[in-house]
Structure formats: structure tokens, C-alpha cells
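*Asks:* Counting from 1, position 26 in the sequence shown corresponds to residue 407 in our numbering; the numbering is continuous, with no gaps.
For every residue, glycine included, the Cβ atom is placed at its ideal position computed from N, Cα and C.
One structure follows; several queries about it will come next.
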Amino acid sequence: MTLFGMENAQILSRANNLLHTNKRSDTIRAYNDFKNLYLRSIMNNDKELKVNALLGIIKSGKKLHIDTSRYAYEYHQALRKLRKEQSKRTKKHSNNIEIASISYLKLAYINENEIVLDFNNHIKKAQIRHFTIFDDKKHSYKYVFDISHAVLNRSYKLKSPDIKRIRLAQYKQNTIRLVVETNKKIKLKYRRENDSLVVVTPLQKEENKNIEIISKYTIAPKRLDRNKTIVIDPGHGGKDPGAIGYRNYHEKDVVLQIGLKLKNILKSRGYKVYMTRQGDYFIKLSKRTQYANRRSADIFISIHANAVSKKQANDVYGIETYFLAKSRTQRAKNVAEKENSADLSDMDFYGKKSFLDTLSSHNIVASNKLAIDLQRGVLGVLTQKYKDVSDGGVREGPFWVLVGAQMPSVLVEVGFITNPKEASRLVNPRYQKSLATGLANGIERYFLNN
């Protein structure tokens, strides 16, 4: 399971199974699943998923006597595009991961001194990433295996002598994580055997030429939360200036400067940091979270500046942090409408509303926690150095830039660029650095607690 819901492949499998039961209630569930997948395929630009979802909509719709002619036309178009694209693909080197289907974990178990993961197909070496973390607080070692292009249907907690803890879970979309925790440093080994990944603990001597020793990858960070990937998204850019405020200050310029400062601070603290843009150019909203997904980011932070009308400019100011959900307040709706206006071309109104309705039913607790920690971090730094810093709070909002993120994601409104006092601060490099420091502190607090 991913943080924000079932893996696409699992939903597709479930929908197809429901479709063949011939029960009307199951057919309705399948129809809704296929529509959910169709919307996801558009957001993630997944052509193969789109074809499968559309075919499912047509089949289930026919059983339910629903007019699916619009989907049928789109299906044939999508199928032609997919076949054309597939015909252009060239074969890659055998070490590259080029998997036609996701690997499914069938079973995980302990066999004497071996942890055995049985999959439905062969696991390639390039799918496996491994490293070791030393937790100086618990004084324990965590040996981590990430298996990409793989999913499981439940989490596992296995037990083995002399091993403190063994955990296996869906870490990210398409990535399974195995964590072997011990009280002392050991030479852990692994091998690939038919359709299995076998991790060997040093309880017995094991001689095998195919076994690869991983202890040389051991790292010992002072804090566990440094081994993370963060994607920073400075809003707007290029042809889209964002809000234009006091003294003609442009939102796109202010948030880029803050984003760059935040990147430098986080990198100096040992994090891996990427930015959706590092210059003045436009990026579609849907492409921003796609970029974060490709980077397997642990969190996604979109930075923006707020704005109101000239009549309200002198009175309205403050810092707000949003996470993705249906708006409960008109204020949140207004902010979301402003930020969403740059790029909503990928779906019609019905599609957008349906997708937000779907996502808002998923688990958004992690994003809410991240938003709270960021808001506290920023206020904690700014209130010590500046007067009249206003806490706008943490709010829910239907922000299109956050849709499709496969990790906790938030949108930070760093202040009102239309307010004379706050706008003057937002363009000040010292204030920007303080603000970025607060964001970095909030990120560290989140990683420390989660």
C-alpha cells in the first residue's frame, strides 16, 4: 500500500476481478475503480494505464447500460498512440530495469538464517538498492533493502534469532522496503535465486559466489532523517508571473529566491534536494509532482506568495500552509483558485472534481503533519527576529499542483505580496534566508517525528 492509497496495479487487478463476478454491486465498484484509474493515468501521463482503464470503463459501463461512447472514442485514440510509442522503443542493456509488469511479492518467510522474499517473476540486480544506517539514539544498525518496480498486498513483521526487528512494507509506489535491525554491526549478504531475493544473516557460514556483501555501504549519519530526498517547487515562472503585488513585485521571482535558499540550507544539512525549476521558466502543474515522483522524493514542498485586492492589501497579511483536500472554507477556495489558474488544461471540470473527490478520501494525515511542522518551523524563526508576523494557520485546499504526488506534499504561502510591509520583507534576502531556515527546521522536525 502506498501512503495515498492502493497501488494502481492492485486497483486494476481488483477491478478486473470484480468485473467477472457478474454481480451488479461488484460491477458498479469496478466501474468506479476504472474511472479512478483513468483520472490517475491522466495526472501521471501513464498511457498504458489509460488504455486499461478506458477498456474497463467501456466493459463495465456496457454491463450497467451506461453510455460510454465518449470513452470508446478516447480508448481507440489512446490505444493507437500507445502502440505507436511501443513500436519506437529500443531494447536497453540487460542491466537496465525494463519490466513489462510489476513484480508482486507472493510470500515472505524465515528459513533458518535466511530471509526469503518470493516474487512472481525474476528480480533483477538493478532493482535492488541497499544501504545501512546507524541510529545513535537506539544504538542499533538498520540494513535497508529497497526493491523497485515491486509491490506487496500487506506488511510483514518477521522474527529471527539474534535479529532485533525485521520489517517489510510498501515504502513508496512501486518500491518495497525491507529493514533488518540489529543491536550490533553484522556482515549482511544477499543473493538472487530464481524468483526470490534471499537475505542471509551471519548466524551460519554461507559460501556462495553469487552472494554480494553490502556492509561497505554502511553510513552513520548523526540523525536518521538526513537520508531523505526533498523536492522544492517554486510556484509559477516564465509566462506565468503568479501574483503581482506591491511595487510590481512578482510572485514567481520571490518564491524562486526563497526556494534556492532553502535548497542550499537543506543540502548543507546533508539532504538530497531537487527543484522543479531553478530559473524563470514555466512548468505545467501536473509535471511538477510527476518530477517529484520520478525522483522518489520523500516530501514535496510548493512555495507560493499570497495576494488580495488593493482594497484589502493594507489589512491582510500572514503565513499559511496548505495540504491537499476539499476546501472547507471560502478563503481556502479563493487561494486555491488563484494558484490553480495557471494550468488546468489537462481535464474538464468533471474530471478535476472527480479526481479531487477521490484523493480527498485517501489518507492525508502525513501531509497534514508536514504542514503543521513547516508552519511551526517558519513562525519559530521569524517571530524571534521580526514583529507583526501573523500565523495564518494550516488549512485544507484543492491545490492542483499537489494532485498526483505519491509522497506527503504541501503548499506554503510565505506571505502576502500585496501587503506593503510583508512584500518589502519578502524581497529582502535576509528575511528570505530566515524564512528558508524556518522551513528547513520544520522539515527536520517532520522527519524526526515520522
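(1) With DSSP as the reference, identify every bridge partner of A550, one or two as the case may be.
(2) Excluding the 5 residues flanking Y827 on each side, which residues of the same chain have their C-beta closer than 6 Å to its C-beta?
(3) With C-beta atoms as the reference, is A411 less than 8 Å away from L400?
(4) Within 10 angstroms of its Cβ, does L445 collect 16 or more other Cβ (buried), or is it exposed?
(5) Check this for me: beta carbons of I439 and Y454, under 8 Å apart or not?
(6) Which complete beta strand (DSSP E) runs does the segment 477–530 hold, if anything under 3 residues is left out?
(7) According to DSSP, is G761 helix, strand or coil?
(8) Go ahead and pull the three-state DSSP assignment for K668.
(9) When you compare each of H511, I509, S484 to D499 by their alpha carbons, which one comes out closest?
(10) By a C-beta neighbour count over all protein chains shown, 10 Å radius and 16 as the cutoff for buried, is N555 buried or exposed?
(11) My understanding is that H511 touches F526, with C-beta atoms under 8 Å, so please give their C-beta distance in whole angstroms.
(12) Nearest to P615 by CA position, among N397, Y537, G640, is which residue?
(13) Can you give me the Cβ contacts of Q391 inside the same chain, cut-off strictly under 6 Å, excluding the 5 residues immediately before and after it?
(14) How is the beta strand (DSSP E) around K538 delimited, first residue to last?
(15) In the DSSP assignment, what are the bridge partners of N687?
(16) In whole angstroms, give me the CA-to-CA distance for A550 and L539.
(17) Using 8 Å as the Cβ pair cut-off and three pairs as the minimum, do the segment 675–685 and the segment 761–777 touch?
(18) Considering Cα atoms alone, identify which of F663, G651, K653 is closest to G619.
*Replies:* Taking the geometry as given:
(1) Partner(s): R558.
(2) Only residues of its own chain outside the window of five on either side were considered, and among them L751, D754 have a CB closer than 6 Å to the CB of Y827, listed in chain order.
(3) L400 sits close to A411, with the two beta carbons spaced by under 8 Å.
(4) Under this definition L445 is an exposed residue.
(5) No.
(6) Segments of the beta strand (DSSP E) lying fully in the segment 477–530: 484–492, 495–500, 509–516, 521–529.
(7) Three-state DSSP puts G761 in a helix.
(8) In the displayed model, K668 falls within a helix according to three-state DSSP.
(9) That would be S484, whose Cα lies nearest to the Cα of D499.
(10) By the 10 Å Cβ count, N555 comes out buried.
(11) The pair is a contact, with the Cβ atoms about 5 Å apart (cut-off 8 Å).
(12) Measuring from the Cα of P615, the nearest candidate turns out to be G640.
(13) Nothing listed; no residue qualifies.
(14) Membership of K538 in the beta strand (DSSP E) is indicated by the continuous run 537–539.
(15) BP columns for N687 point to F797.
(16) The straight-line gap separating the alpha-carbon atoms of A550 and L539 is approximately 11 Å.
(17) Taking one beta carbon from each stretch, the segment 675–685 and the segment 761–777 have fewer than 3 pairs nearer than 8 Å; the two do not touch.
(18) For the residues F663, G651, K653, the minimum Cα distance to G619 belongs to F663.
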